[in-house]
Amino acid sequence: MLLRSSRLHQHLTGLVFAALTLAVFGCGSGEPWKISHPVSGTVTYKGKPVKDAELAFFPLDERFPESVRPLAKTKESGEFVVGTYDREDGAPAGKYKVTVVHHEIVVSKGGMGTKPNDLPKKYATKETTDLIIEVPSGGTQLPPFELK
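As structure tokens, this is what we get:
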């Protein structure tokens with residue numbers, strides 16, 4: 016009988032340890048930033064689509080490494096598709112601050128260059144932007160970014 020209760024005790028101790036481990040660390044991946052979900056949207060300024068705007072998505076989850084920086088570039092229609100690890104592969108689930116800049120390319124005899132950002136400055140840095148989005152598991156079509 017003592018042998019049985021000892022085995023039962025060991026079994027129960029193991030189950031309690033497993034339950035505590037799951038409670039503390041969760042049962043999902045410890046690196047949620049490794050899975051991308053489809054994300055797309057549009058950018059307009061003064062009611063018109065913005066072509067060639069560059070978007071950067073800054074994770075609000077501090078566990079995400081600095082290297083996780085979803086990016087996008089708008090098409091002529093103002094539409095964009097986000098990419099993190101590959102072109103247009105989406106973004107990891109979570110909340111993000113979004114920056115948007117647009118630099119017109121200038122070609123002259125001296126070579127190529129860019130003009131200064133011609134969108135409102137508040138959208139240019141993660142410290143000043145008020146664009147905050149959430150990417151759910153499974154992806155999303157974002158509401159339009161209507162810059163003012």
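Numbering of the sequence shown is given in the numbering used here, commencing with residue 16 and proceeding in unit increments. Just so you know, even glycine gets a beta-carbon here, dropped at the ideal spot from N, CA and C. Computed from a predicted model, the values in this text were never measured in an experiment.
The C-beta of residue 105 has 16 or more other C-beta atoms within 10 Å across all chains shown, which makes the residue buried. Nearest Cα to residue 155 within the set 82, 133 and 109: 109.
Collapsing the DSSP output to three states places residue 49 in a helix. For residue 111, the three-state secondary structure derived from DSSP is strand. Taking residue 64 as the centre and dropping the five residues before and after it, the same chain places the C-beta of 92 and 93 closer than 6 Å to its C-beta, in chain order. For a cut-off of 8 Å, the C-beta gap from residue 163 to residue 135 is around 7 Å, short enough to register as a contact. Here DSSP, grouped into helix, strand and coil, assigns residue 137 to helix. By the C-beta criterion, the stretch 76 to 85 is judged not to be in contact with the stretch 114 to 128, since fewer than 3 inter-stretch pairs fall below 8 Å. Taking residue 158 as the centre and dropping the five residues before and after it, the same chain places the C-beta of 56 closer than 8 Å to its C-beta, in chain order.
Here the alpha carbon of residue 137 sits roughly 34 Å from the alpha carbon of residue 45.
Counting only residues of its own chain and dropping the five nearest sequence neighbours on each side, residue 96 has a CB closer than 6 Å to the CB of 55 and 103. Counting along the chain, the unbroken beta strand (DSSP E) around residue 128 starts and ends at 126 to 129. Distance from the CA atom of residue 133 to the CA atom of residue 120, rounded to whole angstroms, is 11 Å. Ranked by how close their Cα comes to the Cα of residue 113, the residues 61, 50, 139 and 52 have 139 in first place.
Excluding five sequence positions before and after residue 86, the CB atoms of its chain that fall closer than 8 Å to its own CB belong to 69, 70, 71, 72, 97, 98 and 99, given in chain order.
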